[in-house]
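Undergrad:
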Amino acid sequence: MSRRVVVTGMGVVAPNGIGVDAYWRALSAGQCAIGPREYTSAEKFSLTKPTAAVDDPDGVLDNLGRDIARTDRFSKFAVAAADEAMKMSGLEIDEALSGRAACIIGTGIGGQVSYDKAYVDMLWYEKRPHPTSILKLIPNAAASHLSIRFGLRGPAFAVSSACASGAHAIGVCADLIRSGAADVGVTGASEACLTFGSLEAWRAMYILSDDTCRPFSKNRSGLVIGEGAGVLVLEEEERARARGAPILARLAGFGMNADGKDMINPAVEGASGAMTLAMDSVKINDPSAVYINAHGTGTLMNDPTETKAIRTVFGQDADALVVSSTKSMHGHLLGAAGGIETIAALLALKHGVAPPTVNYDEPDPECDLNYAQTGAVERDFELVLSNSFAFGGLNAVVAFEKG
Amino acid sequence: MSEIETTLLAVIKENAVGLSGDLTRDTLISDLGIDSFSVVEIIYEVEEKLSVEIPFNANENPFGEMETVGDLIDALNSLIKR
């Protein structure tokens with residue numbers, strides 16, 4: 069009998085809530101965290117754009133220990149989310165388990181705040197960069213800090229595939245457990261890219277919305293960038309059951325592929341192929357009991373392409389599904405999107421509620437599925453998917469069922 | 109105590125994440141909770157505060173045979189004078 073993987077812990081740092089409970093309250097109530105914010109640099113440059121930033125009124129990110137205080141913002145997000153996930157799972161990493169514990173954390177960029185600071189120090193203030201800049205900005209910094217914090221000494225690395233990083237990380241970690249290379253894993257993704265320099269680069273592509281994120285709506289006007297982290301604890305099922313762990317869901321499948329076509333424009337075949345692979349061993353009894361947390365970026369290209377891909381996979385059953393994009397509330401977390409969106413899908417499975425697509429106000433004939441655009445949909449879901457499709461044509465889809 | 113020594117003690121204390129109680133020359137390095145990351149921080153801060161260069165290779169074992177904070181201060185002192 070092949071090894072199966074279950075989720076035993078979840079942790080979130082999102083623009084619309086720190087902690088799983090706060091995040092779910094916001095998601096299910098349709099609370100949008102997007103708003104105009106000003107980003108400055110070197111006392112000279114300034115840019116104001118709608119973004120979805122993490123507010124931390126309780127200082128959670130400032131109380132992670134002195135060793136974490138000096139790390140980049142993206143590592144702090146990952147540590148805060150992982151602390152919550154580990155606590156929820158009750159997993160103890162002892163000496164025997166340590167070498168069998170994986171740590172796979174996705175990020176699109178890594179320590180963007182530290183990158184920006186190093187360059188501004190050098191080129192604007194004519195100072196040398198801080199010698200810990202490298203330790204802060206390397207994309208594996210978050211994975212390394214988690215490995216040190218929890219004693220995870222099995223396979224550990226960062227995954228970077230732009231907006232699919234989180235889904236790739238979770239899928240790869242699950243595969244390591246399925247294959248027997250690890251027994252447990254801490255996995256997910258983190259991103260903290262809200263800096264003047266980063267936003268200018270995104271703006272240069274004319275891809276950022278000046279308004280808000282309106283996935284699948286005819287008047288959608290582009291991306292709104294968010295920040296945060298979503299982390300899961302995964303375990304081999306028999307092991308988890310034997311120790312009496314909370315079983316939040318079971319991995320139903322993981323699909324990944326590449327369009328192999330274009331750096332920007334997504335391809336229907338890639339997206340539909342990844343979804344098909346993720347459901348390879350799934351038998352769907354009732355398509356109305358399927359929820360898809362869509363990639364749903366609110367860009368001109370993604371939303372109709374993803375809609376066509378879902379129709380390609382589900383055919384006539386597509387109209388029975390509930391599909392929503394929670395990016396409409398928490399923005400696009402880039403590399404971390406697959407982390408917090410997988411958690412949104414898992415919470416939809418747990419609570420029997422699909423969070424809505426907010427900010428939707430104009431039907432588009434090319435986007436013609438049920439997007440929960442009028443509010444959260446209560447339904448007893450059997451299967452949930454989280455879609456992630458990256459710039460560069462890299463696709464990853466994770467699917468979960470009740471455990 | 110010299111200005112250099114006062115500065116060194118202050119910077120080490122700031123970065124000694126495992127320290128409980130006072131920091132003196134006799135404090136054991138193993139009680140400071142300092143890792144390699146902290147050592148790089150300490151070197152940088154001392155360089156900035158004293159406007160000196162400390163040619164320390166971050167890839168070396170930072171403590172070698174050193175046992176106490178006094179040993180560390182002496183080593184930094186000798187690097188500063190170099």
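From first to last, the protein sequence lines stand for chains H and E. Each residue of the first sequence is one higher than the one before, starting from 69 at the first, in the working numbering. Each residue of the second sequence is one higher than the one before, starting from 109 at the first, in the working numbering. We put the beta carbon where it would ideally sit given N, CA and C, even for glycine. Keep in mind the model is a prediction, meaning the values are calculated, not measured.
1. Consult DSSP for M154/H and reduce its assignment to one of helix, strand or coil.
2. Using the three-state DSSP reduction, which class does N325/H fall into: helix, strand or coil?
3. According to the Cβ coordinates, are A211/H and I238/H closer than 8 Å?
4. Just curious, the alpha helix (DSSP H) that M397/H is in, first and last residue?
5. If L462/H and A413/H are in contact, beta carbons under 8 Å, what's the gap, nearest whole angstrom?
6. Any chance you could list the alpha helix (DSSP H) runs of at least 4 consecutive residues sitting entirely within the segment 268 to 355 of chain H, in chain order?
7. Kindly provide the ranges of any alpha helix (DSSP H) runs that are 4 or more residues long and lie completely inside the segment 361 to 422 of chain H, ordered along the chain.
8. Taking contact to mean at least 3 C-beta pairs separated by less than 8 Å, is the segment 375 to 384 of chain H in contact with the segment 392 to 410 of chain H?
9. Against chain H, with Cβ distances strictly below 8 Å, would A183/E count as a contact?
10. For the putative contact between G404/H and G298/H, defined by C-beta atoms under 8 Å, what is the C-beta separation to the nearest angstrom?
11. In whole angstroms, what is the alpha-carbon distance linking T135/E and M174/E?
12. Taking 8 Å as the CB-CB cut-off, is L203/H touching chain E?
13. Would you say F145/E faces chain H, with C-beta separation under 8 Å as the test?
14. Can you say whether Y193/H is buried or exposed, counting buried as having 16 or more other CB atoms within 10 angstroms of its CB?
15. Could you check what DSSP says for L116/E in three-state terms: helix, strand or coil?
16. Provide the residue(s) that pair with G85/H in DSSP beta bridges, ordered along the chain.
17. Whole angstroms are fine: how far does the CA of I136/H sit from the CA of L159/H?
18. Roughly how many whole angstroms lie between the Cα atoms of R168/H and D126/H?
19. Do the CB positions of F457/H and M331/H come within less than 8 Å of each other?
20. Measuring only between beta-carbons, confirm whether D198/H sits less than 8 Å from chain E.
21. For the segment 144 to 160 of chain H against the segment 72 to 80 of chain H, do three or more pairs of beta-carbon atoms, one drawn from each stretch, fall closer than 8 Å, so that the two count as touching?
22. Whole-angstrom Cβ separation of C171/H and G103/H, contact assumed at under 8 Å?
23. Name the two residues that bound the continuous alpha helix (DSSP H) containing S146/E.
24. Given this structure, state the Cα-to-Cα distance separating I472/H from S182/H, to the nearest angstrom.
25. For G26/H, which option in G328/H, A249/H, L300/H has the closest C-alpha, if you only look at C-alpha atoms?
26. Would you kindly report the start and end of the unbroken beta strand (DSSP E) that includes Y107/H?
27. Indicate the three-state DSSP secondary structure (helix, strand or coil) for N123/E in the structure shown.
28. What separation, rounded to the nearest whole angstrom, lies between the Cα atoms of E153/E and A209/H?
29. Determine the closest residue to Y359/H out of Y439/H, G321/H, A310/H, F284/H, with distance taken between C-alpha atoms.
30. Would you say V148/E faces chain H, with C-beta separation under 8 Å as the test?
31. On the criterion of 16 or more Cβ atoms from any shown chain inside 10 Å, does R217/H qualify as buried, or is it exposed?
32. Ends of the alpha helix (DSSP H) at F218/H?
33. Quick check on the burial criterion: 16 or more other C-beta atoms within 10 angstroms. Buried or exposed for E156/E?
34. Identify the contact partners of R134/H in chain E, using a Cβ-Cβ distance below 8 Å as the criterion.
35. Which residues in the same chain as D139/E place their Cβ atom closer than 7 Å to its Cβ, once the five residues preceding and following it in sequence are excluded?
36. Measure how close the beta-carbons of A97/H and Y91/H come, nearest whole angstrom, since I'm counting them as under 8 Å.
TA: In terms of the structure at hand:
1. The DSSP-derived three-state label of M154/H is helix.
2. Assigned with DSSP and collapsed to three states, N325/H falls in strand.
3. Cβ distance not < 8 Å, so A211/H and I238/H don't count as in contact.
4. Start and end: 395 to 398.
5. About 20 Å; that fails the 8 Å criterion.
6. Segments of the alpha helix (DSSP H) lying fully in the segment 268 to 355 of chain H: 305 to 310, 336 to 346.
7. Within the segment 361 to 422 of chain H, the complete alpha helix (DSSP H) runs of at least 4 residues are 370 to 382, 395 to 398, 405 to 419.
8. Touching, no, given that fewer than three Cβ pairs across the two stretches are closer than 8 Å.
9. Using a Cβ-Cβ cut-off of 8 Å, A183/E does not count as an interface residue toward chain H, since no Cβ of chain H sits closer than that to its own.
10. Here residue 404/H turns out to be Ala, not Gly, going by the sequence shown. The C-beta separation of A404/H from G298/H comes to about 6 Å, placing the pair in contact by the 8 Å criterion.
11. Answer to the nearest angstrom: the Cα atoms are 12 Å apart.
12. L203/H counts as touching chain E.
13. Yes, contact with chain H.
14. Around the Cβ of Y193/H, a 10 Å sphere holds fewer than 16 other Cβ atoms; the residue is exposed.
15. Taken through DSSP and simplified to helix, strand or coil, L116/E comes out as helix.
16. Per DSSP, A82/H.
17. Rounded to the nearest angstrom, the two C-alpha atoms are 21 Å apart.
18. Here the alpha carbon of R168/H sits roughly 35 Å from the alpha carbon of D126/H.
19. No, the Cβ-Cβ distance between F457/H and M331/H is not below 8 Å.
20. Correcting the residue type first, residue 198/H is His in the shown sequence and not Asp. Taking Cβ atoms only, chain E reaches closer than 8 Å to H198/H, which makes this a yes.
21. Touching, yes, given that three or more Cβ pairs across the two stretches are closer than 8 Å.
22. G103/H and C171/H do not touch by the CB rule: their CB atoms are close to 34 Å apart, not below 8 Å.
23. Taken as a continuous stretch (DSSP letters only), the alpha helix (DSSP H) holding S146/E covers 144 to 158.
24. Any answer about residue 472/H is impossible in this case: the structure gives chain H only from 69 up to 471.
25. Only positions 69 to 471 of chain H appear in this structure, which leaves residue 26/H out of reach.
26. First-last of the beta strand (DSSP E) with Y107/H: 103 to 109.
27. In this structure, N123/E counts as helix in the three-state DSSP scheme.
28. Roughly 22 Å between the two C-alpha positions.
29. Considering only Y439/H, G321/H, A310/H, F284/H, the residue with the shortest C-alpha distance to Y359/H is Y439/H.
30. It does: the Cβ of V148/E has a partner Cβ on chain H nearer than 8 Å.
31. Burial call: buried.
32. Run containing F218/H: 209 to 218, per the alpha helix (DSSP H) assignment.
33. Exposed, because fewer than 16 other Cβ atoms sit within 10 Å of the Cβ of E156/E.
34. Neighbours of R134/H on chain E, chain order: V125.
35. The residues are G126, L127.
36. Not a contact, Cβ separation roughly 11 Å.
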